[in-house]
Amino acid sequence: MKKGFALFILSLLATGVFAQKAKHIVLITIDGFRPDFYLDTSWHATHLQQIAKKGVQAKGVNSVFPSMTYPSHTTIVTGVWPVKHGIYYNNMFEPNGPTGKNYWNDSAIKVPTIWSVAQQKGLKVAALLWPVSADAPVMYNIPDIGGLGDAVREKYSKPEGFIATLKKDVFNNASRIEYGKDHNVAAIASYVIKKDQPNLMTIHFFSVDHYQHEQGRQGERVSAAVADADSSVGIIIDALKEAGIWENTVLIVTGDHGFLDVKTSINPNVWLTKAGLITDVKKDDWKAQFNSVGGSSYLYLKDKNDSKTLKQVNEILANLPAEEKKYIRIIDRKQLDKVGGNPEVAFALSGENNASFGNAMTGDAIKPGKGGTHGYYPDFREIRTGFVACGPGITEGGVIPEMNLRDIAPALAKLLGLSLPSAEGKIPAGLLSK
């Protein structure tokens with residue numbers, strides 16, 4: 001009887017019924033990562049396609065609102081919507097005109113991150129070019145600090161002297177590192193992997209997003225950027241193998257949002273200026289204004305209780321001619337709350353018919369647009385991002401029809417044997433082996 005039970009347990013282990021705990025997780029985000037990069041083999045992305053085939057692939061991952069880089073990446077590492085983590089856009093809304101303030105410091109995040117709980121348990125953690133990671137509680141860090149420059153990035157990098165070491169030992173005494181090139185970020189990750197074998201690495205690649213903004217969903221440079229991101233994933237895989245930890249590593253590649261082609265640009269503040277609701281924001285002379293971020297725009301009232309102005313804005317939108325109204329979709333407060341959107345705004349607009357939004361307050365409200373963008377309300381296929389994963393504890397040959405970005409953090413915690421009770425996402429069925 002005892003012998004039979006022991007054989008039964010061994011058979012379960014042999015068939016992978018019990019999920020293995022991962023010793024290492026490498027989480028890579030490809031900014032602007034679309035599921036078709038691995039679902040459609042015409043894209044030159046052999047590493048991504050092999051990961052999808054070997055492990056788990058998602059048909060689509062719902063982003064946050066707005067479907068922008070900083071709020072999305074913060075949801076990935078916290079497991080909560082923006083309303084809980086507090087990162088609403090890439091740049092902060094500045095009612096008296098933009099000065100370039102953005103959410104780049106870890107202290108702006110209002111809830112625990114997977115980094116913080118991993119570090120508290122004594123795990124080695126690295127965050128490379130990850131948004132909102134400056135001063136994060138990690139062992140290795142090169143933060144994404146937007147346009148603040150290399151001096152600021154070097155100040156917030158960890159350990160002290162890290163970038164100087166990289167310039168010397170990895171980049172052949174280069175005077176500066178081009179972080180926008182994915183293979184450079186992969187080279188940094190490889191150095192860290194071989195040197196210290198972190199238990200958790202979060203890595204952010206930029207170029208696919210950059211070229212989709214420039215060319216839209218299709219284009220020679222987009223194709224080249226996807227191929228480069230894929231080969232950069234390969235560089236990291238090779239480093240994991242060389243470090244002797246590949247078999248004990250879960251590799252996840254995901255993204256932050258999809259992309260849409262842009263044909264029209266909308267500047268809704270022009271309508272408010274013409275209606276007398278905006279006079280001079282620099283002098284704080286305004287009653288209502290929209291904050292536009294790519295595929296969406298958010299209405300702020302100077303006085304949140306100003307129902308008269310809110311009614312006036314609604315009437316302006318309702319009375320737009322059909323040829324202008326077709327470009328906007330109103331996202332009311334109920335819809336915002338459904339996806340954990342910014343609690344400070346009255347409502348939002350999401351672009352329709354390949355429209356994006358701008359912040360001009362004078363001139364033409366409707367202009368021709370080009371390239372591509374994101375930021376839209378996350379309820380349709382093209383704005384979804386992708387997800388592939390393989391390694392110990394990950395189902396082999398699994399397919400997830402649909403998941404959410406906030407589902408990733410709980411899975412990371414489970415795989416590493418950590419507790420992240422603040423996370424509100426759910427581990428997708430079929431992701432982890434039983």
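Per the working numbering, residue 1 is the first one in the sequence shown, and the count goes up by one each step. Where a beta carbon is used, it is the ideal one built from N, C-alpha and C, also for glycine. Remember, predicted model here, so these are calculated numbers, not experimental data.
* What is the residue span of the beta strand (DSSP E) that residue 280 lies within? -> 278-280
* **Straight-line Cα distance separating residue 273 from residue 54** => 55 angstroms
* **Contact check, residue 236 vs residue 26, beta carbons under 8 angstroms** => yes
* Within the chosen definition, does the region 81-90 reach the region 388-395 through at least 3 CB pairs nearer than 8 angstroms? -> no
* If you drop the 5 nearest sequence neighbours on each side, which residues of the same chain put their C-beta closer than 6 angstroms to that of residue 340? -> 81, 82, 83
* Asked: Pick from 196, 124, 116: whose alpha carbon is nearest that of residue 243?
  -> 196
* Asked: Can you check whether the CB of residue 418 is closer than 8 angstroms to the CB of residue 21?
  -> Their beta carbons are not under 8 angstroms apart, which means residue 21 does not touch residue 418 by this criterion.
* Given a threshold of 16 other Cβ atoms within 10 Å of its Cβ, counted over all protein chains shown, does residue 31 qualify as buried or as exposed? -> buried
* **CB contact flag (residue 104, residue 136, <8 angstroms)** => no
* To do: Under the assumption that residue 430 contacts residue 383 (Cβ atoms under 8 angstroms), give the Cβ distance between them as a whole number of angstroms.
  => Not confirmed; about 23 angstroms, so no contact.
* Anticipated Cβ contact below 8 angstroms, residue 204 with residue 129, distance rounded -> 4 angstroms
* May I ask which residues mark the beginning and end of the alpha helix (DSSP H) holding residue 313? => Element bounds for residue 313: 307-318.
* In chain order, each beta strand (DSSP E) run of at least 3 residues that lies wholly inside the region 193-278 -> 200-205, 249-254, 264-266
* Does the Cβ of residue 287 have 16 or more other Cβ atoms within 10 Å, making it buried, or fewer, making it exposed? -> Answer is buried; the Cβ neighbour count reaches 16.
* To do: Report, in whole angstroms, the separation of the C-beta atoms of residue 198 and residue 24, which I expect to be a contact under 8 angstroms.
  => 7 angstroms
* **Among 192, 267, 257, nearest to residue 238 - alpha-carbon criterion** => 192
* To do: Use the C-beta contact count for residue 95: other C-beta atoms within 10 angstroms, 16 or more gives buried, fewer gives exposed.
  => Result: exposed.
* Asked: What is the DSSP secondary structure of residue 331, reduced to helix, strand or coil?
  -> strand
* To do: Would you kindly check if the distance between the Cβ of residue 261 and the Cβ of residue 72 is under 8 angstroms?
  => no
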